Amino acid sequence: MILIMIITTLLLGGILCWLFDRWAPDLVKWIALVSVLTCLVLGCSLWIYKPDLPINANTWLVNYQASWIPTFGIGFHLAIDGLSLVLLLLTFFLGSLAVLCSWNEIQQRVGFYFFNLLWTLAGICGVFMALDLFLFYFFWEIMLIPMYFLISLWGDNNRRYAAFKFFIFTQVGGLLMLVAILALYFMHGAQTGIYSFDYESLLTTSIRPSTARWLLLGFMIAFVIKLPMVPFHNWLPDAHSEAPTAGSLILAGLLLKTGAYGIIRFVLPFFPQASIEVAWLAMFLGVVGIVYGAMLAFAQTDIKRLIAYTSVSHMGFVLVGIFAFREMAMQGVIMQMITHGISTGALFLLAGMIKERLHTRDIGQMGGLWTSMPAMGSIAMIFTMASLGLPALGNFIAEFLILMSAFTVNVPLTIIATLGLVFSALYSLRLMQKVFLGTNISERHINDLSIREIIILSSLTIAIVLLGLYPQLVFDMTRNVVLQFVSSGESVVIN
Amino acid sequence: MNEVQFYALLPFTLLAAASIIVILLIAFKQSHTVIQITGFVMMCLVIFTMWYVRDLLPVKLDPLFIVDGFAALFTGLIVLSVLAIGLLSYIYFEEREENPKEYYILLFLSTLGSAILTISQHFISFFIGLEILSVSLYALIAYLRNRNNAIEAGMKYLVLAALSSAFLLFGMALIYMETGSMYFSNIAHHLATQPTSGLFITGIGLMVVAIGFKLALVPFHLWAADVYQGAPAPVTAFIATVSKIGVFAVLLRFGLAVSLQTFSLAQLIFIVIAVITMISGNILALLQNNIKRLLAYSSIAHLGYLLVAFLPGNEAGVEAAVFYLLAYSITILAAFGVITLLSNRQRDAEDLEFYRGLFWRNPVMATVLAFALLSLAGIPLTAGFIGKFYVLASGVQQTLWLPVITLVLTSVFGAFYYLRVISILFAESAPALMNENRLHPFFYYSTYTALITLTLLLIGLGVYPRIAIDSIKAFLLIR
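Heads up: the protein sequence lines correspond to chains C and W, in order.
The opening position of the first sequence corresponds to residue 15 in the working numbering, with each subsequent residue numbered one higher.
The opening position of the second sequence corresponds to residue 19 in the working numbering, with each subsequent residue numbered one higher.
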């Protein structure tokens, strides 16, 4: 029930925001904040009171099932395990920050804005919880439309173009996935006589290798577009740079994770054999993404585009890690998903704050901001360091784990991927140097962080340091899940 | 005709009676309001009688008609659409001060034609139904004859419809020559027992031209945009829904009866038509700046999607088609309802520019339109999504990969232009002229209520389609 409460809280909160825009515009922000915080509390209570499952136990922490459209075998099946729970907590954490950071930035149509924000979050939660493939697709699409509105209504100058590009890319992927889901559904139905979209029953479908490859393709395209993998990353820099700050935060912090989550949750268990066949290609493209993203990030002058390209680079690690099929790599992947969400989210927030003050995103027009904004400068330092993978900060653990176990799988690719880390040092240092150090170009007086901003950024800082020093928190939660996914892959290798 | 047959035909008799009653009302110089209300009551009566005769079905009225669950579903859809269109017509025509009374005669006659198509199982009734539908439509399209495009649109439809009727007749003649019958089940029997020659397929091909014209399938779609634009908004809604439902129903019935999909050549023709219809409809809609033309092209594309449900030629396909038509008609009626309400005396609200920032001026209308467009785009939480899912499922089940993949890729184009309109709705507000409401507010309220009901139905079907799907299945079993 608690899962349903989470989703309905967000959906209802969104509708209330929209309605109250007319009658009590001042109340809208508070409604949004309260509904996200309620979800955060609910999520934390799940985490605290979760049952202690024995290792290797193949059960869900919370499971909710109801019938929805029984004629098609579509159920309303929500369930979470450790992986979902971690990602849900990340969603609510970043979600509350997204509400907070929009506090003053959004001046027009506030109610509709928070409606879209909350519905995007609801869609994302649904994606992380849904265990019925139809429901999964449903939520997958639900998060799209409000995100489209966030970009196209509250974005920057080139927002229309960016929003359309974002929508079209993800829509193509989504619909191909729908076709693959349907094919899987009918295959399962033909084999067992039971037509169902349920995750657990579809897992038992036996698929011919040639068919499996096509179905894998259908799912993978949807997920790697979201991830983004290199030839499909094209929508990302535009969407990120044009979106409002909260939009970028959610895009980078959460939406990209739905792609990785989809691969882990659906592609690997459904098509173990076929995913091993494409593993080398996926790892290769992941490495290309790491290097390419880092190099392009280095070349950017627009601060948000720069951060966007670093996302391409970081998400490359995720792809490499997933397709290494090692327990340690998978732990690294989950860690990377969380820490990337936090660190890149923080960078986008900083970029948004700078933009609010200087009204530009051009790095060339910045410089020497440290003198007027020492607090922001030092926090920016922490997060650029996190982004380049400095030990003691979360990202280091993640990338280290991924690289270490990828090394046992494919040495040349891992070496190239490691080079990506060097590039990441280059762009991070360049970012820091250009924006905060050097001579102060602007003569104007610039305010340092406000209390609201300090709350936002310090919570992120605490999170990233905590994850860097004590990553065991995450590992404990996801251990069961990781073992399960890895063992399904390994059993195929052995056979 | 025995008693059961009489009862089964009652809804259709009532439809015919409705137009006569309207004629009589006009003869006694009754006002527009009286006619409107009488018409509304008559349509409600038709639905009521249909509910009443449901337990008697199926009833055969050999050789021309068969009233079964299939017919009841489609007729129900038609009559419900006409109810909504009638409601929209009142405000639209009353504001224009052109004597709108005869309009209702034509409206009910064409409804009758469309309804007859759903129960016909013989070429004669097929043709008669189609002609009653088209002949009334000529006049309906050109009804506001003082408008710029009205006569042109009417003429265009007249000429092309007449031509397509000739094709239809010739096709029917060829099939009759081959099989010796015009009765669907006899044709099917003949085809099943005897080897077929090319004559049959040629006949089918000629009939496809006519059907394709009525459904505005590519390459027979050339009239669609002009007629949609030229016709008064409620009539456009009528063409987009009622006339297409009827023709598609008879196509489905004929296809199922003679197992058209088993003829590989015929199947190929339909696949090709479906694919090019989806592609061209969507591409042509991309850059339209007139919302009526945009909806015209998009409805071409939607009929293409619908053909994908026709291709499997099985029960699942029929279910998908019925559900899709249900979702589609609700959506189109909501969209045209908004256009109708926003139109002013001089011209229809068709420029996209007019809709800029509508959400901030008139949030209710904008929300209705936005939901309609989202549903046309097939976004979850709306009926269009379940409809598209249903159609895709029926296609995937029969492994019709080419049409299925085309559907997927072209609906991305679709999403693009629907979203374009939606983002215009939400864009910065521009000062615009609003209509002064000159009528009794009751009619506005009722129309608003109708539109909101349509929108709620749209969302209801998208969130909880179970009841609709189950009752469609139950109805289709009656045969």
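Ideal placement from N, C-alpha and C gives every residue a C-beta, glycine not left out.
The structure presented is a predicted model; accordingly, all values stated were derived computationally and were not measured.
Cβ neighbours of C/I460 in the same chain (closer than 8 Å, five flanking residues each side left out): Locating residue 460 of chain C in the first sequence gives position 446, counting from the first residue. Taken in chain order, the residues that qualify are R371, L372, L383, S386 and M387.
Looking at the unbroken alpha helix (DSSP H) that takes in C/N130, where does it start and where does it end? For the purposes of this step, residue 130 of chain C is taken as the residue at position 116 of the first sequence. Start and end: V124 to M143.
Taking CB distances under 8 Å as the criterion, tell me whether W/P483 reaches chain C. On the second sequence, position 465 is the one that residue 483 of chain W refers to. True, the Cβ-Cβ gap to chain C drops below 8 Å.
Within-8 Å CB hit, C/S166 to chain W: Counting from 1 along the first sequence, the entry for residue 166 of chain C is found at position 152. Interface with chain W (8 Å Cβ-Cβ cutoff): C/S166 is included.
Candidates C/R36, C/V281 and C/Y209, of which the one nearest C/F499 by Cα: Sequence index remark: in the first sequence, residue 499 of chain C carries index 485 (1-based). The shortest Cα separation from C/F499 among C/R36, C/V281 and C/Y209 belongs to C/V281.
Determine contact between the region 66 to 78 of chain W and the region 103 to 118 of chain W, defined as no fewer than three beta-carbon pairs at a distance below 8 Å. no
Based on DSSP bridge pairs, tell me the residues matched to C/Y78. Working through the first sequence from its first residue, we reach residue 78 of chain C at position 64. For C/Y78, which the question treats as bridged, DSSP gives the partners C/L92.
Under 9 Å Cβ-Cβ, which residues of chain W neighbour C/F178? By 1-based counting over the first sequence, the position of residue 178 of chain C is 164. Simply F434, L437, R438 and S441.
Name the residues in the region 71 to 100 of chain C whose C-beta lies less than 8 Å from a C-beta of chain W; which are they? Shown in chain order are the members of the region 71 to 100 of chain C whose Cβ falls below 8 Å from a Cβ of chain W: W82, I83, P84, T85 and F86.
Of the residues C/C58, C/L250 and C/I221, which one's Cα is nearest the Cα of C/P286? For the purposes of this step, residue 286 of chain C is taken as residue 272 along the first sequence, with counting starting at 1. Comparing Cα-Cα distances from C/P286 to each of C/C58, C/L250 and C/I221, the minimum goes to C/I221.
Which stretch, first to last residue, makes up the alpha helix (DSSP H) that contains W/L79? For the purposes of this step, residue 79 of chain W is taken as the residue at position 61 of the second sequence. No alpha helix (DSSP H) contains W/L79, which is instead part of the beta strand (DSSP E) from V77 to L79.
Quick test of the definition: if touching needs 3 or more C-beta pairs under 8 Å, does the region 478 to 497 of chain C touch the region 114 to 125 of chain C? no
Using the three-state DSSP reduction, which class does C/H202 fall into: helix, strand or coil? Position 188 of the first sequence, counted from the start, is the residue given in the question as residue 202 of chain C. If DSSP states are grouped into helix, strand and coil, C/H202 belongs with the helices.
Separation of W/P330 from W/Y323, as counted between CA atoms: Start at 1 with the first residue of the second sequence, and residue 323 of chain W comes out as number 305. Start at 1 with the first residue of the second sequence, and residue 330 of chain W comes out as number 312. When rounded, the distance between both Cα atoms is 13 Å.
With a threshold of 8 Å between beta carbons, is C/Y213 in contact with chain W? For this step, residue 213 of chain C is matched to residue 199 along the first sequence. So no, C/Y213 is outside the interface.
So, W/D244 versus W/A171, is the Cβ gap smaller than 8 Å? Position 226 of the second sequence, counted from the start, is the residue given in the question as residue 244 of chain W. Position 153 of the second sequence, counted from the start, is the residue given in the question as residue 171 of chain W. Yes.
Run the CB neighbour count on W/R497, radius 10 Å, all protein chains shown included, and call it buried at 16 or more, exposed below. Against the second sequence, residue 497 of chain W aligns to sequence position 479. Classification for W/R497: exposed.
For the ligand GTP, is there a heavy atom less than 7 Å away from the beta-carbon of C/L269? As presented, the structure is devoid of all ligands, the ligand GTP included, so that no description of it is given.
Below 8 Å on the Cβ atoms is my guess for W/F30 versus W/I137; work out the distance and round it to an integer in Å. Residue 30 of chain W sits at position 12 when you count from the first residue of the second sequence. Residue 137 of chain W sits at position 119 when you count from the first residue of the second sequence. That belief holds up - the Cβ atoms of W/F30 and W/I137 are roughly 7 Å apart, short of 8 Å.
Do C/E256 and C/A176 have their beta-carbon atoms positioned less than 8 Å apart in this structure? Counted from its first residue, the first sequence places residue 176 of chain C at position 162. Counted from its first residue, the first sequence places residue 256 of chain C at position 242. Yes, they are a contact pair.
Starting from W/V52, follow the alpha helix (DSSP H) in both directions and report where the run begins and ends. On the second sequence, position 34 is the one that residue 52 of chain W refers to. Here the alpha helix (DSSP H) through W/V52 covers H50 to V71.
Throw me the rounded Cβ distance for the C/Y127 and W/L437 pair, which I believe falls under 8 Å. On the first sequence, position 113 is the one that residue 127 of chain C refers to. On the second sequence, position 419 is the one that residue 437 of chain W refers to. Incorrect: roughly 18 Å between the Cβ atoms, too far for contact.
Let me see if you follow: with CB-CB separation under 8 Å, is C/I156 close to chain W or not? To locate residue 156 of chain C, count along the first sequence from 1; it is residue 142. It does; some Cβ of chain W falls within 8 Å.
8 Å Cβ cutoff, W/V340 in contact with chain C: For the purposes of this step, residue 340 of chain W is identified with residue 322 of the second sequence, where counting begins at 1. Not an interface residue.
For C/L136, I'd like the list of residues in its chain whose CB is within less than 6 Å of its CB, leaving aside the five on either flank, ordered along the chain. Here residue 136 of chain C refers to the residue found at position 122 when the first sequence is read from its first residue. Before going further, note that residue 136 of chain C is Ala rather than Leu in the sequence given. Counting only Cβ-Cβ distances below 6 Å, and skipping sequence neighbours, we find I21, L24 and L25.
Starting from C/F414, trace the alpha helix (DSSP H) both ways and give me its first and last residue. Sequence index remark: in the first sequence, residue 414 of chain C carries index 400 (1-based). It spans G408 to F421 - the alpha helix (DSSP H) in which C/F414 sits, taken as one unbroken run.
Using the Cα positions of C/A293 and C/H247, report the straight-line distance between them to the nearest angstrom. Taking the first sequence and counting its residues from 1, the one referred to as residue 293 of chain C is at position 279. Taking the first sequence and counting its residues from 1, the one referred to as residue 247 of chain C is at position 233. Those two C-alpha atoms are separated by around 19 Å.
If we count the other Cβ atoms within 10 Å of its Cβ and call it buried at 16 or more, is C/S224 buried or exposed? Working through the first sequence from its first residue, we reach residue 224 of chain C at position 210. Classification for C/S224: exposed.
Output the residue ranges of the alpha helix (DSSP H) runs that lie fully inside the region 20 to 51 of chain W and measure 4 residues or longer, sorted by chain position. 21 to 45
Please report the residue range of the alpha helix (DSSP H) in which W/F185 lies. Residue mapping note: residue 185 of chain W aligns to position 167 of the second sequence, counting from 1. A168 to T197 is the extent of the alpha helix (DSSP H) around W/F185.
Is C/L25 close to chain W, meaning its C-beta is less than 8 Å from at least one C-beta of that chain? The residue you call residue 25 of chain C lines up with position 11 of the first sequence. No, its Cβ sits nowhere closer than 8 Å to a Cβ of chain W.
Validate contact between the region 137 to 154 of chain W and the region 79 to 86 of chain W using beta carbons, cut 8 Å, 3 pairs: yes
Neighbour-count burial assignment, W/V52, 16 or more Cβ in a 10 Å radius: Here residue 52 of chain W corresponds to residue number 34 of the second sequence, with the count starting at 1. Exposed: under 16 other Cβ atoms inside 10 Å.
So if I threshold CB-CB distances at 7 Å, which residues from the region 120 to 132 of chain C count as touching chain W? none
Do you know offhand how far W/W378's Cα is from W/A353's? Sequence index remark: in the second sequence, residue 378 of chain W carries index 360 (1-based). Sequence index remark: in the second sequence, residue 353 of chain W carries index 335 (1-based). Roughly 18 Å separates the two Cα atoms.
Specify the secondary structure class of C/Y323 as computed by DSSP and reduced to three states. The residue you call residue 323 of chain C lines up with position 309 of the first sequence. It is helical.
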